[in-house]
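Colleague: Residue numbers (the working numbering), protein chains in the order written: chain E, 135 to 211; chain Z, 872 to 1053. Ideal Cβ positions, reconstructed from N, Cα and C, are used throughout, including at glycine. Pasting a structure here, questions to come.
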Amino acid sequence: MPVTSGDLISSQVILIFIKGVILLILIFYAIFALLIVRQVDLMGKTLITPVSGVVKAIAIIHAGFAVGFIFLAFGLL
Amino acid sequence: MFPAYVENPSNISFEGQDQSEIILLLLRAHPITNLKWIIPSLLIFLIPFFIPAFFNNLGFEDILNLPPTYLSALLVINYLLVLVITFEGFLHWYFNVYIVTSKNIVDVDFNSILFKNIDLAPLKNVEDTSSSMGGILSSIFNYGDVFVQTAGAVKSIDFISVPNPHKVSDFILDQTHKIGGT
């Protein structure tokens, strides 16, 4: 039976490799998201506006999602 | 909600502001300058819609035979990228401000993710101001740069892409004259 490129892509080794790449990207993203929280905190202290609190809340939620996606990807893939 | 030119803003203060110091003018880059991050984020947002047709045309349609969870994860990464470009773009625009107070001129810059630069010059040190507008978008939307020459350690403070540059330039000089009593 001939092996198609579709079979190759869904082979276990390739899938593990893709999983590793996805997890690596998500880990870097989470680090970046945590840095954004720090940055927003710094910005909010420098320029105090009514929006600062909302922006900080968004940054924290965003970082939470970024960390959550790592666990989600680790569990699902 | 997010103006770029505010005279006598209320509910806004900045780090190092004195009790007796009043903010007279708050400036940001003109909102149209946000196109430089809005357009890339829109393009990245649309990428998943064109990927299947793109791979089909190239004859790599088997790439799309990945398990649905893997495709979903790639889709999530794509939209996280859109989210971060949008959020960073907004933060950069919103918090990079130029402030004219009753005492000082303040230029707050967040050039990169953890780099903050604040230039502060007393109004009494302002020697002259100039403004310039160049380009199609600048002419249409009336924005440009204002350059403030000072006599202090900070040689010049540049307001980049602010709305009504000529008016801002004149405003700063008027305030300087008021302080100097001329």
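Just tell me which of E/Lys153, E/Gly154, E/Phe166 and E/Ala191 has its CA closest to the CA of alanine 200 of chain E.
Modeller: The residue with the shortest Cα to Cα distance from alanine 200 of chain E is E/Phe166.
Colleague: Which of the residues in the segment 878–907 of chain Z, read from start to end, lie with their CB under 7 Å from any CB of chain E?
Modeller: Residues Asn882, Ile883, Ser884, Phe885 and Glu886.
Colleague: In the DSSP assignment, find the alpha helix (DSSP H) that holds valine 947 of chain Z and state where it starts and stops.
Modeller: Here the alpha helix (DSSP H) through valine 947 of chain Z covers 939–966.
Colleague: Do alanine 1022 of chain Z and glutamate 998 of chain Z come within 7 Å of each other at the CB atom, strictly closer than that value?
Modeller: Closer than 7 Å, so yes.
Colleague: Is the Cβ-Cβ distance between phenylalanine 916 of chain Z and valine 955 of chain Z less than 7 Å?
Modeller: The answer is no: Cβ separation not under 7 Å.
Colleague: Strictly under 7 Å for the Cβ-Cβ distance: is tyrosine 950 of chain Z near chain E by that measure?
Modeller: Chain E contact via Cβ: absent.
Colleague: Tell me which residues share the same chain as asparagine 988 of chain Z and place their Cβ nearer than 6 Å to its Cβ, disregarding the 5 neighbours each side in the sequence.
Modeller: Same-chain partners within the cutoff: Asp980.
Colleague: Which first and last residues belong to the alpha helix (DSSP H) in which proline 911 of chain Z is found?
Modeller: That run of the alpha helix (DSSP H) goes 906–929.
Colleague: Under the three-state reduction of DSSP, which class applies to asparagine 936 of chain Z: helix, strand or coil?
Modeller: Note: asparagine 936 of chain Z maps to helix in three-state DSSP.
Colleague: Where does the unbroken alpha helix (DSSP H) through isoleucine 204 of chain E begin, and where does it stop?
Modeller: Taken as a continuous stretch (DSSP letters only), the alpha helix (DSSP H) holding isoleucine 204 of chain E covers 185–210.
Colleague: Taking 6 Å as the limit between beta carbons, can you name the residues of its chain near lysine 995 of chain Z, skipping five residues before and five after?
Modeller: Within the same chain, lysine 995 of chain Z has close Cβ partners Ile1050.
Colleague: So, for phenylalanine 926 of chain Z: in the same chain, excluding its five sequence neighbours on each side, which residues have a beta-carbon less than 7 Å away from its beta-carbon?
Modeller: For phenylalanine 926 of chain Z, where only same-chain residues beyond five positions count, the Cβ hits under 7 Å are Glu932, Ile934 and Leu935.
Colleague: Could you tell me which of Z/Leu962, Z/Ala992 and Z/Tyr950 sits nearest to glutamine 173 of chain E, measuring between CA atoms?
Modeller: Nearest C-alpha to glutamine 173 of chain E: Z/Leu962.
Colleague: Under the assumption that valine 1039 of chain Z contacts alanine 900 of chain Z (Cβ atoms under 8 Å), give the Cβ distance between them as a whole number of angstroms.
Modeller: In fact, because the Cβ distance is near 12 Å, the residues do not count as touching under 8 Å.
Colleague: Taking 8 Å as the cut-off, does the segment 874–881 of chain Z touch the segment 889–899 of chain Z (at least 3 CB pairs, one atom from each stretch)?
Modeller: At 8 Å Cβ cutoff, the stretches touch.
Colleague: Is it right to say alanine 924 of chain Z is buried, meaning 16 or more other beta carbons lie within 10 angstroms of its own, or is it exposed?
Modeller: Burial call: exposed.
Colleague: Against chain E, does isoleucine 918 of chain Z count as a neighbour if the rule is that its beta carbon must be under 7 Å from one of theirs?
Modeller: By this cut-off, isoleucine 918 of chain Z is not an interface position.
Colleague: Since leucine 181 of chain E contacts phenylalanine 958 of chain Z with CB under 8 Å, what's their CB separation in whole angstroms?
Modeller: Contact doesn't hold; Cβ gap of about 17 Å is too wide.
Colleague: Show which residues of chain E have a CB atom less than 9 Å away from the CB atom of isoleucine 984 of chain Z.
Modeller: Those are Phe166, Leu169, Ile170, Arg172 and Gln173, listed as they occur along chain E.
Colleague: Could you say which of E/Leu211, E/Gly202 and E/Phe205 lies nearest to proline 939 of chain Z if we only look at CA atoms?
Modeller: Of the listed residues, the one whose Cα sits closest to proline 939 of chain Z is E/Leu211.
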